[in-house]
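Structure, as structure tokens:
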Amino acid sequence: QQQVKQSPQSLIVQKGGIPIINCAYENTAFDYFPWYQQFPGKGPALLIAIRPDVSEKKEGRFTISFNKSAKQFSLHIMDSQPGDSATYFCAARSGGGSEKLVFGKGTKLTVNP
Amino acid sequence: NAGVTQTPKFRILKIGQSMTLQCAQDMNHNYMYWYRQDPGMGLKLIYYSVGAGITDKGEVPNGYNVSRSTTEDFPLRLELAAPSQTSVYFCASSYSAGSPTNYGYTFGSGTRLTVV
Numbered sequence: 041q042q043q044v045k046q047s048p049q050s051l052i053v054q055k056g057g058i059p060i061i062n063c064a065y066e067n068t069a070f071d072y073f074p075w076y077q078q079f080p081g082k083g084p085a086l087l088i089a090i091r092p093d094v095s096e097k098k099e100g101r102f103t104i105s106f107n108k109s110a111k112q113f114s115l116h117i118m119d120s121q122p123g124d125s126a127t128y129f130c131a132a133r134s135g136g137g138s139e140k141l142v143f144g145k146g147t148k149l150t151v152n153p
Numbered sequence: 008n009a010g011v012t013q014t015p016k017f018r019i020l021k022i023g024q025s026m027t028l029q030c031a032q033d034m035n036h037n038y039m040y041w042y043r044q045d046p047g048m049g050l051k052l053i054y055y056s057v058g059a060g061i062t063d064k065g066e067v068p069n070g071y072n073v074s075r076s077t078t079e080d081f082p083l084r085l086e087l088a089a090p091s092q093t094s095v096y097f098c099a100s101s102y103s104a105g106s107p108t109n110y111g112y113t114f115g116s117g118t119r120l121t122v123v
């Protein structure tokens, strides 16, 4: 099943809060899981990524938690700031040499001051 | 270093008209992709290419055509525009399999197309 399910669709937090965005997948052949951040009027930009043999990856205030047995992964944003307000997409690579990514439907995050 | 350049940024087409969305990358990436983004629907793959002269269909190819004559360019052609093709189109490029974990896609800034 070439699908990645993302939730929630939208999220509002106060500055300093820790928004969590969740994604789930069915295809165990997926071999790479990136997150993209998109600001209005711009293309998505790679934020952070993880491989399935790692349970957690942290880069600055952004952390991916990966649960291989549950086929779920999530993005946590520590000490969120108004500048983090954007749409976030999780994705999964289908491998097999094509490098194709399957994207979730996106989460619109608003961080209030 | 420009990355991925898409032109035009905006376009209004009438039903039945044709147009080509241009995409060029200067990173020597061999993989290139076209996605469309509709509100609340994420990004859907239209076509992709693993190298010059090689293209393949993605999830939503109907109504579109592509070509890849050079490593740098990957134009997307709409032959008979329909209202259902109103969307934001993103071109992206990447290195091939085996690249470091954070290689990712590099996206262009998009083309907003309206078909009326």
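Residue numbers (our numbering), protein chains in the order written: chain A, 41 to 153; chain B, 8 to 123.
All C-beta atoms in this analysis are idealised placements derived from N, C-alpha and C, irrespective of residue type, glycine included.
**Prompt:** How should residue 64/B be labelled, buried or exposed, when 16 other C-beta atoms within 10 angstroms of its C-beta is the threshold for buried?
**Reply:** Around the CB of residue 64/B, fewer than 16 other CB atoms lie within 10 Å, so the residue is classed as exposed.
**Prompt:** When DSSP builds the beta bridges, which residues end up paired with residue 64/A?
**Reply:** 45/A, 112/A
**Item:** Chain-ordered chain B contacts of residue 129/A [CB-CB under 9 Å]
**Value:** Here the neighbours are 49, 50.
**Prompt:** Are residue 115/B and residue 13/B touching if we call contact CB-CB under 8 Å?
**Reply:** yes
**Item:** Sequence-distant residues of its chain with Cβ nearer than 7 Å to residue 94/B (five each side left out)
**Value:** 43, 44, 45, 120
**Request:** Indicate whether at least one CB of chain B lies closer than 8 Å to the CB of residue 57/A.
**Result:** no
**Message:** Please confirm whether residue 92/A has its beta-carbon closer than 8 Å to some beta-carbon of chain B.
**Reply:** Residue-level contact check: residue 92/A does not touch chain B, since none of the beta carbons of chain B fall below 8 Å from its beta carbon.
**Status (buried if at least 16 other CB within 10 Å, exposed otherwise) for residue 113/B** = Buried is the call here.
**Asked** Among all the DSSP beta bridges, which residues are the ones paired with residue 92/B?
**Response** DSSP lists no partner for residue 92/B.
**Prompt:** Which word fits residue 70/A, buried or exposed, when buried means at least 16 other C-beta atoms lie within 10 angstroms of its C-beta?
**Reply:** In summary, residue 70/A is buried, with 16 or more beta-carbon neighbours lying within 10 Å of its beta-carbon over all protein chains present.
**Asked** Between residue 67/A and residue 104/A, what straight-line distance do the alpha-carbon atoms span, to the nearest angstrom?
**Response** 19 Å
**Item:** Residues near residue 67/B in its chain [Cβ-Cβ closer than 8 Å; skip 5 each side]
**Value:** 43, 51, 52, 53
**Asked** Looking at the C-beta of residue 54/B, does it have a partner C-beta in chain A at a distance below 8 Å?
**Response** Residue 54/B has a beta carbon lying at 8 Å or more from every beta carbon in chain A.
**Prompt:** Could you give the residue range of the beta strand (DSSP E) that holds residue 57/B?
**Reply:** 50–58
**Request:** Might you give, ordered along the chain, the residues of its own chain that have their beta carbon closer than 8 Å to the beta carbon of residue 102/A, omitting 5 neighbours on each side?
**Result:** The answer, listed in chain order, is 75, 87, 88, 115, 116, 117, 118.
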